[in-house]
Amino acid sequence: MLLPIIRAGLAALLLGAAAGTAAAQTLQTGFADFGSDQSTPIEIEADELEVQDRNNVAVFTGNVTVKQNDAALQTARLVVHYAQAALTAEAARGSNAPATNQNQRISKLEATGNVLLTTNGQAATGDTGIVNFDSRTLALNGNVTLTQDNNVITGDTITVDLNTGIARVESKSRVRVLLTPGGQQPAEN
């Protein structure tokens, strides 16, 4: 995964330098697997949970961790939005049966407060984050940093297309990229 980031980062730097300012860059990430399979369990732990059935929302607060396969998300607060899946034959016949786990699905995760997303040796941080399973996007906003080994990309927002794994980093000023050749550790003074 690092090689595509370095290639994309270098190409973006060269193109940005040629074009003048670099307000947005596109790169490949390893975050496309997060939430890609709703049949794979998503494990959530937190200090507290509040379920708002009428709003199809669950609110997790305090040291929240979300895990699915190799991906993990940590945050202070997480709002999980549920959507009803397609109606079953019984429901179509007019049954008033309550919704069950079998006909609900997670449509969106909204994280606020020191969001950290890790997967496949990469880490991304931001002030807030949204994983939208309907539009298949992941977005981190505010003080965004993407790291792998000693390579670092910073900006204001990062948006990942979960279908392709392609990410777009944007900044009101400039996107910053630090690439460490050969994965070497920076020299200590």
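So the sequence shown is numbered by the numbering used here: it starts at 35 and just counts up by one.
Glycine included, each C-beta is placed from N, C-alpha and C at the ideal position.
Note that the coordinates shown come from a computational prediction; the quantities given were computed from them, not determined experimentally.
Quiz item: Under a three-way DSSP split, which group does ARG88 fall into?
Solution: It is helical.
Exercise. In the DSSP assignment, find the beta strand (DSSP E) that holds ARG210 and state where it starts and stops.
Key: That run of the beta strand (DSSP E) goes 210 to 212.
Quiz item: Given THR109, which residues of its chain have a CB within under 6 Å of its CB, disregarding the five upstream and five downstream residues?
Solution: The residues VAL98, ALA145, GLY147 and VAL149, in chain order, have a CB closer than 6 Å to that of THR109 in the same chain once the five nearest residues on each side in sequence are set aside.
Quiz prompt | Pair within 8 Å by beta-carbon distance, GLU84 and VAL93 | solution = A distance below 8 Å separates the beta carbons of GLU84 and VAL93.
Quiz item: Considering ARG170, what are the terminal residues of the beta strand (DSSP E) in which it resides?
Solution: In the DSSP assignment, ARG170 falls outside any beta strand (DSSP E), carrying neither H nor E.
Exercise. Compare the C-alpha of THR74 against each of GLN86, GLN138, VAL194 and GLN102 and name the closest.
Key: Among GLN86, GLN138, VAL194 and GLN102, the Cα nearest to that of THR74 belongs to GLN102.
Quiz item: Mind checking whether ASN175 and GLY199 have CB atoms under 8 Å apart?
Solution: The answer is no: Cβ separation not under 8 Å.
Quiz prompt | CA nearest to the CA of ASN166, picked from VAL114, SER205, GLU77 and ALA201 | solution = Comparing Cα-Cα distances from ASN166 to each of VAL114, SER205, GLU77 and ALA201, the minimum goes to VAL114.
Exercise. Grab me the residues of ASP168's own chain with a C-beta within less than 6 Å of its C-beta, minus the 5 sequence neighbours each way, in chain order.
Key: The beta carbon of ASP168 sits closer than 6 Å to the beta carbons of SER141 from its chain, once the five residues preceding and following it are set aside; these are given in chain order.
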